[in-house]
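A.B. asks:
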Amino acid sequence: MTAQYIMVVDDEPDIRQLVSEILEDEGYRVVTAENAVKARELHRSRKPDLILLDIWMPGQDGISLLKEWRENDTLCCPVIMMSGHGTIETAVEATKLGAHDFIEKPLSMAKMLLTISNALRASQLEKENRGLRKQMVSSLEPVGSSQTLQRLREQAKRIAQHDSRVLLYGEPGTGKETFARHIHALSNRKNRPFVRAALSTSAGKDSALALSYLLFGREEQGKVQYGLLDEANGGVLFLAEIYELDQDTQTRLLHTLKENRFMRVGGSDWVELDITLMVSSSHDLLDDVHGGKFNEELYYLLNVVPVMIPPLRDHPEDVPELLNHYVDILTAQDGLPYRHISLAAQNFLRNHTWPGNIRELRNLVQRLLILGTETEVSLDEVEESVGTRIPVFSQEIGQIPESLFDLPLRQAREQFEHDYLIYQLKQADGNVSKLADQVKMERTHLYRKMRSLNVDPKKYGR
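Under the numbering used here, the first residue of the sequence shown carries the number -12, and numbering increases by one thereafter.
#1: Where does Tyr434 sit, in a helix, a strand or coil, going by DSSP?
#2: Helix, strand or coil for Gln212 per DSSP?
#3: Are Gly359 and Arg337 touching if we call contact CB-CB under 7 Å?
#4: Are three or more beta carbon pairs between the region 147 to 159 and the region 262 to 272 nearer than 8 Å?
#5: Any idea what DSSP makes of Leu232, helix, strand or coil?
#6: For Ser125, name the three-state secondary structure that DSSP assigns.
#7: Just list the residues that DSSP pairs Leu39 with in beta bridges.
#8: At the level of alpha carbons, what is the spacing between Ser450 and Leu366?
#9: Look up His242 in the DSSP assignment and say whether it is helix, strand or coil.
#10: Around the C-beta of Ile409, are 16 or more other C-beta atoms found within 10 angstroms, so that it is buried, or is it exposed?
#11: Could you tell me which residues DSSP puts in a beta bridge with Pro293?
#12: If I follow the unbroken alpha helix (DSSP H) through Ala(-10), where does it start and stop?
#13: Check whether the region 35 to 52 and the region 12 to 26 are in contact - that is, three or more C-beta pairs closer than 8 Å.
#14: Do Val252 and Phe203 count as a contact pair if the criterion is CB distance below 7 Å?
#15: Beta carbon of Gly49, beta carbon of Leu40: below 7 Å?
#16: Relative to the alpha-carbon of Ala167, which residue among Asp1, Ala147, Leu107 has its alpha-carbon at the smallest distance?
#17: With a threshold of 16 other CB atoms inside 10 Å of the CB of Tyr230, please say whether the residue is buried or exposed.
#18: Excluding five sequence neighbours on each side, which residues of the same chain lie with their C-beta closer than 6 Å to the C-beta of Ala184?
#19: Out of curiosity, what's the CA-to-CA distance linking Lys114 and Pro180?
#20: Looking only at its own chain, which residues have a Cβ that is under 7 Å from the Cβ of Lys445, when we skip the five neighbours before and after it?
#21: Tell me the DSSP secondary structure of Ser267 in three-state form.
#22: Could you check which residue in Cys64, Trp257, Glu228 has the C-alpha nearest to that of Arg239?
#23: In three-state DSSP terms, what is Gly385?
#24: Going by DSSP in three states, Ala319 sits in which element: helix, strand or coil?
#25: Put Asp424 into one of helix, strand or coil per three-state DSSP.
#26: What's the gap between the Cα of Glu164 and the Cα of Arg349?
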């Protein structure tokens, strides 16, 4: 497991040495500073997990330094104040300024270690709660008992044993982030941060500089603004839709990965980096490489362990389990009324094509729980909620489901082809020879197309 990073600030060399040795024996990584100037420099070079800060020091005292960090909004971790001349007033002032705790000198090493342990635990819980508030993480393990999901979970166990970079492919809504979090939970970094960024929305497509600030942080007039690399240092950074990176940020990330260090925008000092990087993409990045949109060298650095997360239509046997899972999650966490989804409704939903994948399923469950009045979700209710899909071969644009226009072009095309073939199969009574004549397509190619779209002609014969 990656050691947690503690900064000890004290003007007495003996105390710095003693505390440093004890903390290193306990498995922490320690840096020391003899005054506020050095502390400020170390604080800028790498974000610590905890700071032990002496109050009385020559030059700038600890209280003033704490106040400076708070006013600059760079108080990034728990701070434990130390003093040999402590008073209740001093302790209260330090607490108001954001200090986690206050310990007196001469130091009791047992008390110091307990205070540090409690502070780090509280900080970790706060980070986890903050992450949960930003985005509900309903499960750290992909849900489903199909062979597909069993293989994915086995793959996750193998990947988690190493610190390899992971490139997750899959359509929107398939659960790429869930899989990344599952790997993190199984890894030796499980107690360290998991930091996630959706590059398509976090900084705005037209703001390359804002995206660089988001990832790498910035330094301006002595003030440090930490980025996601700082936040994730020692843990895992997950970058969703990696193809959204602009060329300059791609180049900066490439150098970062090659050198295992980075420099904040506007900074002049290197920050050592220790992370596991996971990224995702909803399409093949190699297409972007060939199109000149993605840095080829960066692609090969990221493509160490490629993993394909299949669409839900490829493992429909998991639909009932997913439905019940989200009923349980949404009733427990959102306080929605419990409703049982009937077997007929579940069977109907197993045959739904789920263009929005697991995200669409979760939204459907939420809608059923909010709008329904009966204890049981009926087949009629599910059919109405999903919507009777009008064949997309209609010439009237108004009859095409609006949801189709919300999809990426490739998915919309696949959805059209899927519906078109089902309609034609019904006209041909499931006979593939008739179907081939109707759609003017060679049978070998037709079979391949039906397999890729998960269309089973046996379902439509009489």
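The beta-carbon is built from N, C-alpha and C at its ideal position, and this holds for glycine as well. Just so it is clear, the structure is predicted and the values come from calculations on it, not from any experiment.
C.D. replies: Let me lay it out:
#1: Against the sequence shown, residue 434 aligns to sequence position 447. Tyr434 carries a helical assignment under DSSP once its states are collapsed to helix, strand and coil.
#2: Along the sequence shown, one-based indexing puts residue 212 at 225. If DSSP states are grouped into helix, strand and coil, Gln212 belongs with the strands.
#3: Here residue 359 is taken as the residue at index 372 of the sequence shown, counted from 1. Here residue 337 is taken as the residue at index 350 of the sequence shown, counted from 1. Cβ distance not < 7 Å, so Gly359 and Arg337 don't count as in contact.
#4: yes
#5: As a position in the sequence shown, residue 232 is number 245, starting the count at 1. If DSSP states are grouped into helix, strand and coil, Leu232 belongs with coil.
#6: Taking the first residue of the sequence shown as position 1, residue 125 is located at position 138. Note that Ser125 has pLDDT 40, beneath the 50 cutoff, so the model's placement of it is unreliable and no number is given.
#7: Taking the sequence shown and counting its residues from 1, one reaches residue 39 at position 52. Beta-bridge partners assigned by DSSP to Leu39: Val(-5), Ile67.
#8: Missing from the structure shown is residue 450; the chain here goes from -12 to 449 and no further.
#9: Locating residue 242 in the sequence shown gives position 255, counting from the first residue. It is helical.
#10: Indexing the sequence shown from 1 puts residue 409 at position 422. It counts as buried.
#11: Here residue 293 refers to the residue found at position 306 of the sequence shown. Partner(s): Leu154.
#12: Looking up residue -10 in the sequence shown gives position 3. Counting along the chain, Ala(-10) falls outside any alpha helix (DSSP H), and DSSP gives it neither H nor E.
#13: yes
#14: Residue mapping note: residue 203 aligns to position 216 of the sequence shown, counting from 1. Residue mapping note: residue 252 aligns to position 265 of the sequence shown, counting from 1. Their beta carbons are under 7 Å apart, which means Phe203 touches Val252 by this criterion.
#15: Locating residue 49 in the sequence shown gives position 62, counting from the first residue. Locating residue 40 in the sequence shown gives position 53, counting from the first residue. Contact: yes.
#16: As a working note, residue 167 is residue 180 in the sequence shown. The shortest C-alpha separation from Ala167 is found at Ala147.
#17: On the sequence shown, position 243 is the one that residue 230 refers to. With 16 or more other Cβ atoms within 10 Å, it is buried.
#18: Translated into the one-based positions of the sequence shown, residue 184 becomes position 197. So the list reads Leu215, Leu226, once near-sequence residues are dropped.
#19: Locating residue 114 in the sequence shown gives position 127, where the first residue counts as 1. Locating residue 180 in the sequence shown gives position 193, where the first residue counts as 1. Near 8 Å, if we compare the C-alpha coordinates of Pro180 and Lys114.
#20: Position 458 of the sequence shown, counted from the start, is the residue given in the question as residue 445. Only Gly417 meet the Cβ criterion.
#21: By 1-based counting over the sequence shown, the position of residue 267 is 280. DSSP places Ser267 in strand when its eight states are reduced to three.
#22: Counting from one through the sequence shown, the residue named residue 239 turns up at place 252. Of the listed residues, the one whose Cα sits closest to Arg239 is Trp257.
#23: Your numbering for residue 385 matches position 398 in the sequence shown. Note that Gly385 scores a pLDDT of 36, beneath 50, so its modelled location is shaky; the value from the coordinates is reported in the next line. Helix at Gly385.
#24: Within the sequence shown, the letter at position 332 stands for residue 319. If DSSP states are grouped into helix, strand and coil, Ala319 belongs with the helices.
#25: The count along the sequence shown starts at 1 and reaches residue 424 at position 437. In the structure shown, Asp424 sits in a helix (DSSP, three-state: H, G or I).
#26: On the sequence shown, residue 164 is found 177 positions in, with the first residue counted as 1. On the sequence shown, residue 349 is found 362 positions in, with the first residue counted as 1. So the two alpha carbons sit approximately 15 Å from each other.
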